[in-house]
Amino acid sequence: MYACYKESYPPTAVNHCLACHFYSSDRLNLLTAGPTCIRVYDIIKDQEDIDLDNRSDNADNHLNKDNKLHPELEFLASYSFYGKIYGIESVRFRHHHRDSLFICFADAKLSLVEYDADNSNLTTLSLHTFEDDELKNGFSRNLSIPIIRVDPDNRCAAMVVSNVHLAILPFRHRGPAEQQVQIDPKNTSGKYPLMPSYVVDVRDLGNEKVSRLIDIRFLEGYYEPTILILCEILRTWSGRVAVRQDTCSILAVSLNTIDKVHPVIWSLNNLPFDCLGAITVPRPIGGVLIFAANCLLHLNQSKPPYAESLNSITDESTTFPMHDADLAPNTPETQDTDEPTSKKLRTDDEKEDEELEKLYSAHTSCTAKESYLRSYTFEVCDRILHVGPCASIAIGQISTFVQEESDVEVVICSGHDKNGALSVLNKGIKPQVVASYDLPGCVDMWTVKDIRLNDENDGDFETENTHKFLIISRDNLTMILRTGKEITEVEQLGFLTQTKTVFAGNLDNGNCIIQVTPYEVILVSKGEKIQQLELENESPIVFCSLQDPYISLLLEGGSIMMLAFELSDNGEKQVKLVNTTPLNHSRIAACCLFQDNNGRMSVSDGISIRTPSPTNEPAELMEDEKFTIDDDELLYLDVNDTNLQTNDVPVASTSYTDNLERKVSYWLFLCLDNGKLEVYSIPSYDKVYTVNGFALAPLILAATSDDEDSYSNTDGVRSTGNMPHVNEILVVGMGYEQRKILIVVPHEIQLTETRAPAGGSMGLSTLVDGYVKCFAPFNIANCPNGFLYFNSEEDLRICVLDQRFTYDCPWPVHKVPLRNTLHFITHHFVTKTYVIISSTMTVCEKMPHITTEDKEFIPVEKGDRFIHAPVEKFCLQLITSETWEIIPDAEIQMAEWEHVTCLKSVKLKSEETVSGLKEFIAVGTTNVCGEEVACRGRIVIFDVIEVVPEPGKPLTKNKIKTYYDKEQKGPVTAITCVEGFLVTSIGQKIYIWEFRDNKDLIGMAFIDTLIYIHSLDRHQLEIFNTNFYVNKNQLGFVAPESHGGQFLVRRAEIQTGSNAHAFFRTKVRALNQRQNENKHITWFGTLDGSIGLLLPVDEKEYRRLFSLQAKLSIYLEQNAGLNQKAFRTFRSHQKKLQNSMRNILDGDLLKRYFHLGFVERRDLAKQIMSTPEQIINDLTKLELSTI
1 MYACYKESYP
11 PTAVNHCLAC
21 HFYSSDRLNL
31 LTAGPTCIRV
41 YDIIKDQEDI
51 DLDNRSDNAD
61 NHLNKDNKLH
71 PELEFLASYS
81 FYGKIYGIES
91 VRFRHHHRDS
101 LFICFADAKL
111 SLVEYDADNS
121 NLTTLSLHTF
131 EDDELKNGFS
141 RNLSIPIIRV
151 DPDNRCAAMV
161 VSNVHLAILP
171 FRHRGPAEQQ
181 VQIDPKNTSG
191 KYPLMPSYVV
201 DVRDLGNEKV
211 SRLIDIRFLE
221 GYYEPTILIL
231 CEILRTWSGR
241 VAVRQDTCSI
251 LAVSLNTIDK
261 VHPVIWSLNN
271 LPFDCLGAIT
281 VPRPIGGVLI
291 FAANCLLHLN
301 QSKPPYAESL
311 NSITDESTTF
321 PMHDADLAPN
331 TPETQDTDEP
341 TSKKLRTDDE
351 KEDEELEKLY
361 SAHTSCTAKE
371 SYLRSYTFEV
381 CDRILHVGPC
391 ASIAIGQIST
401 FVQEESDVEV
411 VICSGHDKNG
421 ALSVLNKGIK
431 PQVVASYDLP
441 GCVDMWTVKD
451 IRLNDENDGD
461 FETENTHKFL
471 IISRDNLTMI
481 LRTGKEITEV
491 EQLGFLTQTK
501 TVFAGNLDNG
511 NCIIQVTPYE
521 VILVSKGEKI
531 QQLELENESP
541 IVFCSLQDPY
551 ISLLLEGGSI
561 MMLAFELSDN
571 GEKQVKLVNT
581 TPLNHSRIAA
591 CCLFQDNNGR
601 MSVSDGISIR
611 TPSPTNEPAE
621 LMEDEKFTID
631 DDELLYLDVN
641 DTNLQTNDVP
651 VASTSYTDNL
661 ERKVSYWLFL
671 CLDNGKLEVY
681 SIPSYDKVYT
691 VNGFALAPLI
701 LAATSDDEDS
711 YSNTDGVRST
721 GNMPHVNEIL
731 VVGMGYEQRK
741 ILIVVPHEIQ
751 LTETRAPAGG
761 SMGLSTLVDG
771 YVKCFAPFNI
781 ANCPNGFLYF
791 NSEEDLRICV
801 LDQRFTYDCP
811 WPVHKVPLRN
821 TLHFITHHFV
831 TKTYVIISST
841 MTVCEKMPHI
851 TTEDKEFIPV
861 EKGDRFIHAP
871 VEKFCLQLIT
881 SETWEIIPDA
891 EIQMAEWEHV
901 TCLKSVKLKS
911 EETVSGLKEF
921 IAVGTTNVCG
931 EEVACRGRIV
941 IFDVIEVVPE
951 PGKPLTKNKI
961 KTYYDKEQKG
971 PVTAITCVEG
981 FLVTSIGQKI
991 YIWEFRDNKD
1001 LIGMAFIDTL
1011 IYIHSLDRHQ
1021 LEIFNTNFYV
1031 NKNQLGFVAP
1041 ESHGGQFLVR
1051 RAEIQTGSNA
1061 HAFFRTKVRA
1071 LNQRQNENKH
1081 ITWFGTLDGS
1091 IGLLLPVDEK
1101 EYRRLFSLQA
1111 KLSIYLEQNA
1121 GLNQKAFRTF
1131 RSHQKKLQNS
1141 MRNILDGDLL
1151 KRYFHLGFVE
1161 RRDLAKQIMS
1171 TPEQIINDLT
1181 KLELSTI
């Protein structure tokens, strides 16, 4: 039993975030950390230069009330790790031009990484692990969550490695203190920024009764690094508050990293037991703010503590002196007094009080006498899409023009309370086909504009971006189609139709059309031919690249011709031959013109291209850039230290946008038969950049001289003629203001190589209608922002994209906000509707009380400041898949205190159908009324029927018809169907029912398990959900977080890094008609918003790919120095005497084989006695089987 695991949709949860200068010192980036990945965003603030009249359509969503564009987030890159991330912190080291990242992982692992601009990837600076058994206090695993903190003055970092241990990591800095430490002579002070780390036991600092570290923070304003430790002395919980409370304490420890002496300079005991965390308050206020579940505390070493109670629970849960907080915008103290607010926070330091008054006055519109922040507003500038947590998943059929078995939509219940929504996902692009035509013999097609050509058929539609002609090329003919409200074929418009067309496009900003044939170039404007240029070329033209006003023509013999659009002496428009092949070199295989609109590329030293991107190093520091030292800092710093006369952190004097010259330039990229890439500047045709071995797809494109060839001696690649042939190259600008340059090269071995410097790019695939033969954009009145393509059956499809979906994510996503907490969803296949279970939160002001006859409710009176417990009110509703609206008058309201525990679409025996089975919806509920009331539930069976809709309400065509609704003797926790029978789990028993005459459930069999059914194995488990694994005649169970058992034999295991919560299965896509095997893909959604899959794999393919996986885990450099094999190995919470069953491939690691160069792919294939073609065929088969 072999399988392949892949993460088809990466996790979207954001567990940590920070802002730092990750790529350069003059550009601020936003970093978000999920469970196993870090995403980097650029904060685009310079919106003043954007022309509001020429902005994109979606820019209206980023306008504020002043009609100004909000700052936006631009996705730059994503970095995945083979470890679960528990915290990130940024730090700026000496002589480093950008910020570095501390990343802490599970099992007390810590990595220091930094962006490497030379390799466009992360580089690991330091690795630390604190997995000693002595630090686990006798436990088999580390129970504490790692916490990383960095000193605000960049002197050291601290990390919580266990319940009572801290790891201290001193930074290398200047001064006499560093000279006292013995440094490895092999490491220079500039290369290695950290000094040796060590571990501190908090119990040795003065309080031996510390049992748990809650949080740590570095305090500001101290001569030495000072860390505040929030800890718990004695363990307790809310149920023991009556006998044990106020168990938390704080310790402020001064860290002497040289002598490793750590005195406690400040401590405070008897803090509330429910303290959750701490945050440092910057100067001039200072101190620390403690967050508890029911109160806030401000603690300062030089001032008495101050605490605000948020509710009346603190009256009984703590004895710490509290002030009742008024959460209204205007507090009574501010309204009833005429004193300035700053006087209430006045300290003995008069200077500090003046700074405090300025601080509050700068953020308010009040006078100096009333320096109080009375109001503030938050504006949403941008959003990051999140589809988790995946509470439940259902699949349904997509209504497309071409129906296939794999055309399913995935609907996920995500969000909570007001953020609850349905996330509708499509695996790839599913276009909406507007029309289809059978046009055999098509070779290529183009759509062109003609702005000066007026057309009454266009109506009020914007004609500036409207395509007026559709040009279709055949083997020896060209078809010209006039677009508008109708598409008609025309002949007398100046185009050549008796020969095939190589290329067609627009010149002069859409005022002219150019048609390139094998031997001629035609220029058309306003439907008339204005020039016909006959080229004196011996071989025909096979390819054309256009960047207005330049045109490059590639001939069949491997030479190139350059044309330019210009005005003649008499003012007529024309194209003119300006140059042929620039230099004598080998045969040209592909060419592409690139237009740089913002100075992205510039020539330096004549042979290289400088790209001033956010990853460039800042300029050298000027002599007049000095330190600015505070008066307070003069008390502690040595003013005679000459090292303080220059700034430790270089700061660029100009921003990134100022460095870019807004000058349009043109560049010609040429791929030669010998594997070289050459770049020429236009119109001078000077060679400015050369890359040898470009066809071998190297990881880094490095400039080389014409005589240098780094790949000439690579195992006989040149001698044996194995150099890959480049058929086409595409160079485009992407991202905001086209800052990133993307080079796409399709190889002969069905591989697409992407080179995007420091950029994050994602691709969306579509196999709805087979492979795409040719493609063109299409924008007319009847099909705005559409596109055309020819499929493998030579059918022309006119399509548009569903505007409800968001396409800048791995799968297209459509969010349907419902503003309720969604628990379950299932699909009714007959009526194409979805049944959902949602709940709303209500305040519970009464408690159930059992009596001899029935239960009654007693009101709870606790006062106005008491926070009553929320209670969920469940409801069953129908949603149509056509408009994703809730169907009115089709819902079932659950009783008070009744929770829905299961929902399933079941097929039960019925005489109403020919097959003898009919689809019903079964619901199981449970009454939750407390410990004193017996728990009972209900089974509800209903069907969704079609009726005559009400006038003006087309959605009312579907109604709910209930067939069975009775109370059971226990809670109904699970429900399913087998061979037309209903199987339920009620309390400790499993029942098999027969639904007879669509009226009643008749018990057929039962089994008493003596335990409440919640898992598959006999040991203690943490299973969220289960499903089947189907591979031909093999059947298995898929269970997340299983610890093993005696009755179910473990056959395969892998660690995914996320908690799987919902499962569904689809049939493996058949790649040919003969392949009709009984294989299912087991999909699962996680609580982190990711979607993974398990794909059955044959043994022969598994053996070959497993060997490749072993080589890749050693050959590839992993981010943060983590071990892929250790991460994917399943680890139980309990030690067991059983070997791991590694029968599941890591598809994410295998996919990285595509990103290797030609030489690297061949070497790895040779080591496992295979070929790159065989491996790529296996990997491509896995990819196509899951689309």
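Note that full-length UniProt numbering numbers the sequence shown so that position 93 is 93, with each residue one more than the last. Just so you know, even glycine gets a beta-carbon here, dropped at the ideal spot from N, CA and C.
Residue i lies in the beta strand (DSSP E); which residues open and close that run?
i      : result
Ala167 : His165 to Pro170
Arg39  : Cys37 to Ile44
Gly277 : Cys275 to Thr280
Ala435 : Gln432 to Asp438
Asp246 : No beta strand (DSSP E) holds Asp246; DSSP gives it neither H nor E.
Asp965 : Asn958 to Gln968
Which first and last residues belong to the alpha helix (DSSP H) in which residue i is found?
i       : result
Ile471  : No alpha helix (DSSP H) holds Ile471; the beta strand (DSSP E) holding it covers His467 to Ser473.
Val1159 : Phe1158 to Gln1167
Glu1173 : Pro1172 to Ser1185
Ala1110 : Glu1099 to Tyr1115
Arg1128 : Gln1124 to Arg1128
Lys1151 : Gly1147 to Lys1151
Ser684  : It is not in any alpha helix (DSSP H) - Ser684 carries neither H nor E in the DSSP assignment.
Met997  : Before going on, a small fix: residue 997 reads as Asp here, not Met. Element bounds for Asp997: n/a, residue is neither H nor E.
Leaving out five residues before and five after residue i in sequence, what residues of the same chain have Cβ atoms less than 6 Å from its Cβ?
i      : result
Cys413 : Ala391, Ser392, Leu822 and Ile825
Within its chain, find whatever has a CB closer than 8 Å to the CB of residue i; leave out the 5 residues flanking it on each side and keep chain order.
i      : result
Phe543 : Val502, Phe503, Leu553, Leu554, Ala590, Cys591 and Glu728
Ile990 : Val983, Thr984, Phe1006, Ile1007, Thr1009 and Ile1013
Pro176 : Here Pro176 scores only 42 on pLDDT, less than 50, and its place in the model is too uncertain to base an answer on.
His725 : Ala589, Asp673, Ala695 and Glu748
Lys84  : Pro35, Thr36, Phe105, Ala106 and Gly1057
Val948 : Lys957
Opposite residue i in the DSSP bridges: which residues?
i      : result
Met561 : Leu553
Phe775 : Tyr789
Lys953 : Glu950
Lys109 : Phe105 and Thr129
Lys989 : Ile986 and Asp1008
Phe920 : Val906
Ile887 : Answer is none; Ile887 lacks a bridge partner.
Which residues in the same chain have their Cβ closer than 7 Å to the Cβ of residue i, if we skip the five residues on either side of it in sequence?
i       : result
Leu533  : Glu520, Val521 and Val575
Ser1170 : Arg1104
Ile147  : Gly87, Met159, Val160, Asp215 and Ile216
Can residue i and residue j be called in contact, C-beta distance under 9 Å?
i       : j       : result
Asp26   : Gln432  : no
Leu903  : Ile879  : no
Ser312  : Arg865  : yes
Gly1092 : Tyr5    : yes
Leu453  : Phe1158 : no
Ala325  : Glu308  : yes
Leu125  : Ser90   : no
Val408  : Leu422  : no
Thr32   : Ser1090 : no
Asn537  : Met562  : no
Met894  : Cys875  : yes
Leu205  : Val288  : no
Ser1113 : Leu1156 : no
query = Residue ranges of each beta strand (DSSP E) run of no fewer than 3 residues wholly in the region 830-870, ordered along the chain?
reply = When DSSP assignments are scanned along the region 830-870, the uninterrupted stretches of beta strand (DSSP E) that are 3 or more residues long and fall wholly within it turn out to be 833-843, 846-849 and 856-859.
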